[in-house]
Every structure is written in structure tokens, then in C-alpha cells.
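The next block holds one structure in the form of C-alpha cells; read it before the comments.
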Amino acid sequence: GAVVSQHPSWVICKSGTSVKIECRSLDFQATTMFWYRQFPKQSLMLMATSNEGSKATYEQGVEKDKFLINHASLTLSTLTVTSAHPEDSSFYICSANPGLAGETDTQYFGPGTRLTVL
Amino acid sequence: AQKVTQAQTEISVVEKEDVTLDCVYETRDTTYYLFWYKQPPSGELVFLIRRNSFDEQNEISGRYSWNFQKSTSSFNFTITASQVVDSAVYFCGLIGGSNYKLTFGKGTLLTVNP
């Protein structure tokens, strides 16, 4: 149990285009999902918390108009990188908390999406 | 504010050696949760363990063991008889109190050579 998937696993796009990344909880419902960004050889940085049926909560310094988050159902959150530029190239990882007994706060992570903007 | 420090950036060992990855944390919360995740070259983070602040019992799972010491704010991770498949980046994480945000350390790259 507690499987999180992401699609696509990698994407290459031209500068100025928008890219949508999907995060799905496969065997549980998640009212909250998290989006992280990871640069090479660095740690994960939380970008935003995605809340089902309401607006996402963005971390300080993250442009909400650039990184659009939609959490339309209990099993799907999407991150859209709008007007992508080369500096947006990174590894994007989502996570969700299935609320399992004894570990209600444990996050399970998706496999990540590697975005390259040319 | 909460902080996680993994002082070891990289560790290299030979197969079958034991290795300990250090993790030191800071939090003002009396209730908090500590985690270890493994990130192999594929990139996916694999959950290894969760420990709450009221449970200081050490835990062993196969070749993995964890030593939680509140007195030194440490939550160290030991791999016994390391194997090449253990090569990965290992992250220590912390969630403090009612704050659901997971704070990660910078990670330790473990390389196990045959």
C-alpha cells in the first residue's frame, strides 16, 4: 500500500511553453499532497502544499502564478509549470500522506519528474 | 524553526563494512517525528523509518538499525554488512509538532564499493 505515481517521468520542452505534471495516489485517498523541487546533488525543497478542493499553500519565494497547482480529486494533484525557462529545469517530486495507523504523518513519495527546459 | 543536519556529505565504504550515517536535529516542539528516506540513483525516495519523540527505543530491521538519542538530538542510521545495492543518498527528516511540513537534511551520499 501507499503507492504514489507521477507522470511523466521525464519531459523536455522549449522555453516559453507550459508543462503539466501529474501526481496520483494509487491505493489511498489524499486530501493533502506535497510538491518538492530538487536540484542536482541537493536536498528536497518544499514548494507547496496541495489541498483537495481548495487553494494550494505556497512556500515563501515560490511564484504561485508560475507553478500552478490543482488538486481536483482525492487521488490527483497536478503541477503546471507555466512559461517554463531553463532555470526551471529540475527534478520535481510529489508526496502524499495516506494516514496509515501508527504513522499518520509519514509522506510517501512519487518517482519524480525530471524537467529539462531548452 | 526546525533544522536537520547531516554533517557527512559523502561516505565511501567497501562491501561488508558497517557504516553509520549521522543525523542531528533541532526543534522547539516537544512532540516531533523523525524519518529516514533512501534515494537511489533512480530518484524515487523510499521511506525507511519513522520515529516519534516519545519512543527512544532503538530499532532494527534486517541490516538496518537506528539509534535515537534525545539527549544529543540525534537519530543515527547504521547499515551492517553493507552491500552495493545500499549505494544511494540517504535523507534524514523531521516533522515538528502540528507542523506537517517535512524538513530534510542535505543528505549523505553513500557509495558501497565491491
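Going down the list, the sequences are from chains A and B. Residue 189 is where the first sequence starts when you use our numbering, and the numbers rise one by one after that. Residue 1107 is where the second sequence starts when you use our numbering, and the numbers rise one by one after that. Each residue gets a CB set at the ideal place from its N, CA and C atoms; glycine is no exception.
For A/Ile281, the neighbours in chain B by C-beta distance under 9 Å run, in chain order, Gly1149, Glu1150 and Leu1151. The residue from B/Lys1212, B/Gln1175, B/Phe1141 and B/Lys1207 with its alpha-carbon nearest to that of A/Ser231 is B/Lys1212.
Looking at the backbone, the Cα of A/Gly204 and that of A/His273 are separated by about 6 Å.
Counting C-beta atoms within 10 angstroms of its own C-beta, A/Asn285 has 16 or more neighbours from the protein chains shown and is therefore classed as buried. With contact defined as three or more Cβ pairs closer than 8 Å, the region 1183-1193 of chain B and the region 1162-1173 of chain B are in contact. For B/Gln1163, the number of other beta carbons within 10 angstroms of its own is below 16, and it is reported as exposed.
Under the 8 Å Cβ criterion, the region 252-265 of chain A does not count as touching the region 1108-1116 of chain B, having fewer than three qualifying pairs. Checking the DSSP bridge columns, you'll see A/Leu303 partnered with A/Val199 and A/Ser278. Secondary structure in the region 1116-1186 of chain B: the beta strand (DSSP E) runs of 3 residues or longer, each lying completely within the stretch, are 1116-1120, 1125-1127, 1130-1132, 1138-1145, 1152-1158, 1165-1167, 1170-1175 and 1180-1185 in chain order.
Inclusion of B/Leu1208 and A/Gln295 in the CB contact set at 7 Å is warranted, their separation being smaller than that value.
The continuous stretches of beta strand (DSSP E) do not include A/Glu291, and DSSP gives it neither H nor E. Considering only B/Val1119, B/Gln1108, B/Val1110 and B/Lys1109, the residue with the shortest C-alpha distance to B/Ser1193 is B/Val1119. Of all residues in the region 1201-1213 of chain B, the ones placed with a Cβ closer than 8 Å to any Cβ belonging to chain A are Ile1201, Tyr1206, Lys1207, Leu1208, Phe1210, Gly1211, Lys1212 and Gly1213, in chain order.
Among the residues of the region 200-221 of chain A, none has a Cβ less than 7 Å away from any Cβ of chain B. The beta carbon of A/Asn239 is closer than 8 Å to those of Thr219, Thr220, Thr245 and His259 in its chain, skipping five residues each way along the sequence. Contact between A/Pro299 and B/Glu1150 holds, since their C-beta atoms are separated by about 4 Å, short of 8 Å. Membership of B/Asn1205 in any beta strand (DSSP E) is not indicated, and neither H nor E is assigned to it by DSSP. Within chain B, the residues placing a beta-carbon under 7 Å from that of A/Gln295 are Leu1208, ordered along the chain. By the Cβ-count criterion, A/Gln226 is buried, with 16 or more other Cβ atoms from all chains shown falling within 10 Å of its own Cβ. DSSP, read as helix, strand or coil, puts A/Val191 in coil.
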